[in-house]
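*Asks:* For the sequence shown, numbering that gives the first Met the number 0 begins at 0 and goes up steadily by one. Built from N, CA and C at the ideal position, the CB exists for glycine as well.
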Amino acid sequence: MSTLRLGVNTLFYLPGEVGGSETYLRETLEALQRQPQPPDVVLFSNAENDRLLRAEFPRAEVVPTGVAATNRLARILAEQFQLPGLIRRARPDVLWSPGYTAPAWCACPQVVTVLDMQYKRFPQDVSWLAARAMDMLYPLAARRAVSVVAISEFAKSEAVHFLNIPPEKVSVTLLAADPSFGKKADAPPAAVRDAPYLLCVAHSYPHKNIPLLIRAFNRLTAQIPHRLVLVGKARLGEPEVLAALRDSPAGRVLRFPDVHFRDLKALYQAADWLIFPSLYEGFGLPVLEAMCAGTPVLTTREASIPEIGGDAVLYADGRDEAAFAEAIRTAIAMPAAEREQLIASARDRAATFTWAASAGQLLQILTEAAK
């Protein structure tokens, strides 16, 4: 059997800026290289990620577009008009676009990944212009693709619903947590070492529901010794976050907008609980990362989250501030034996999600598409 020549469209990828989709791309590429018959990979890069891709994936061929992906219009134009010519010259057997969009014309079969349809459920997460571009480009990519990949059964149902594609065209490949989350980490940052804390890992998009979490936490500050530690960058929901923080007691809420992976592992492992109040996820990686790290999770039953957490996490109503506050208080007061049982169950469940399995399933989809 000849080796698959796989083209990968990374024009969407802005290092440090695209959240879970960055983790998905990088972990999948690494896991593809560890497959029994790894593909020969051709990465089509942008100006921001070119150097990083060359350093992290030295065995891959990197074809630069030179486009600055921070310029959304320039990226779209490059994807539609420059990328097809580069693909024709590079001659991959199949093109994988892991970031929703893909060229309308391509000299080889295409597979596209749809991580979620968040902007349809939470239009306040994106600008009007960005939403109109997505309305045009997402269905176009799904129609042109031989196969569409979703990262959960929920994400599949959303893709089928909003992109008007048949269910049989969509395959599900679940994500995973980096196994190193389960290995003993260094001490967390000094700022969090002197008191117990609750952790939330999420950028401040409206759907992440961080203002409700802050208000729920504010109700409890007189009853618990914990701080609330927020890890994530400012996004379109930041004004509401700042408004909620104005009622927080001084020093009780700490923010880390940008943390090194090493510190993130330490923050997970030293936290008493991960509190994840999100109202929409295509997968929900922080839930799985905490489960792997041995940190118990309190989250919501929204979107894909129950698919990931199963019965190994606690759930609360993310739309009811008082109920969510009470759920936090109850979680903190959980008896030690019960808490340890929950942690053990979560570790066992997290171990069933692996990047090797995810990449293996994707490689099978790509190989079939290339035929």
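Relative to the C-alpha of Met-135, which residue among Lys-119, Val-148 and Gln-123 is closest?
*Replies:* Lys-119
*Asks:* Based on Cα-Cα distance, which residue from Val-41, Cys-199, Gly-6 and Glu-21 lies nearest to Gln-109?
*Replies:* That would be Gly-6, whose Cα lies nearest to the Cα of Gln-109.
*Asks:* Can you grab the Cα-Cα spacing for the pair Ala-132 / Gln-360, in whole Å?
*Replies:* 30 Å
*Asks:* Residues bridged to Tyr-196 by DSSP?
*Replies:* In DSSP, Tyr-196 forms a bridge with Arg-226.
*Asks:* Starting from the N-terminal side, write out each stretch of the beta strand (DSSP E) that is 3 residues or longer and does not extend beyond the segment 226-271.
*Replies:* 226-230 and 252-255
*Asks:* Just checking my contact of Leu-42 with Leu-52 at CB under 8 Å: how many whole Å lie between their CB atoms?
*Replies:* 5 Å
*Asks:* So, are the CB atoms of Thr-69 and Leu-13 less than 8 Å apart?
*Replies:* yes
*Asks:* Can you give me the C-alpha to C-alpha distance between Ala-302 and Val-200, rounded to a whole angstrom?
*Replies:* 17 Å
*Asks:* How far does the beta strand (DSSP E) with Gly-308 in it extend, from its first residue to its last?
*Replies:* In this chain, Gly-308 is not harboured by any beta strand (DSSP E); it is covered by the alpha helix (DSSP H) spanning 304-308.
*Asks:* Just to confirm my understanding: we take Gly-308, look at its own chain, exclude 5 residues before and 5 after, and list those with CB closer than 7 Å. What are they?
*Replies:* Val-286, Val-296 and Thr-298.
*Asks:* Got a sec? Which residues, its chain only, sit under 8 Å from Glu-320 by beta carbon, not counting five neighbours each side?
*Replies:* Leu-211, Arg-214, Ala-215 and Arg-218
*Asks:* Decide if Ser-179 is buried, meaning its Cβ has at least 16 other Cβ atoms within 10 Å, or exposed.
*Replies:* Taking every protein chain shown into account, the CB of Ser-179 has fewer than 16 other CB atoms within 10 angstroms, so this residue is exposed.
*Asks:* Which residue's Cα is closest to the Cα of Ala-356: Arg-4, Ser-20, Gly-15 and Thr-27?
*Replies:* Thr-27
*Asks:* Flag this pair as yes or no: are the beta carbons of Pro-334 and Asp-262 separated by less than 8 Å?
*Replies:* no
*Asks:* So, do the segment 169-176 and the segment 195-209 have three or more beta carbon pairs nearer to each other than 8 Å?
*Replies:* As far as the Cβ criterion goes, the segment 169-176 does not touch the segment 195-209, which means the pair count is below three.
*Asks:* In or out: Thr-351 buried (at least 16 other Cβ within 10 Å) or exposed?
*Replies:* exposed
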